[in-house]
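For what it's worth, my numbering labels the leading residue of the sequence shown as 4, then goes sequentially. Where a beta carbon is used, it is the ideal one built from N, C-alpha and C, also for glycine. Notes for the one structure printed next.
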Amino acid sequence: MVQRCCVILTTTDDQQVVDKLTISLLEANLAACIQVDNIVSYFKWEGKISSVPEFRIVVKAKSDNYNAIEKMIIDIHNYDLPQIIKLDIQDGLPAYLNWVTQSI
Numbered sequence: 004m005v006q007r008c009c010v011i012l013t014t015t016d017d018q019q020v021v022d023k024l025t026i027s028l029l030e031a032n033l034a035a036c037i038q039v040d041n042i043v044s045y046f047k048w049e050g051k052i053s054s055v056p057e058f059r060i061v062v063k064a065k066s067d068n069y070n071a072i073e074k075m076i077i078d079i080h081n082y083d084l085p086q087i088i089k090l091d092i093q094d095g096l097p098a099y100l101n102w103v104t105q106s107i
């Protein structure tokens, strides 16, 4: 049986958090691949509309690892309320999804 994979999304405005989180997840074998993009986030916080430059962190992992990944993000993150969103992968290139599950 093929293990389920997921994508987990989070953001931060701190390069040190990016570095610590990505290295920690990879060293703990919780993620197969992590991509980091520069983005601008627009949001409402404490009644005000804000925009800030951030890093979007995209984690590819086994679905079974989600709870441990969520805990690590919370432990390392610099935000009071970090975005942590899990997207279950319904379909994808079988060879790639196999690589994700075999590499961690």
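Tell me the residue span of the alpha helix (DSSP H) that contains S27.
Q18 to E30
Could you confirm whether any beta carbon from chain E is found closer than 8 Å to the beta carbon of L90?
Protein chain content of the structure displayed is limited to a single chain, and chain E is not contained in it.
Could you tell me the boundaries of the alpha helix (DSSP H) in which S106 lies?
P97 to S106
With D91 as the anchor, note down where its beta strand (DSSP E) starts and where it stops.
I88 to D91
Would you report the Cα separation of Y45 and S54, rounded to the nearest angstrom?
4 Å
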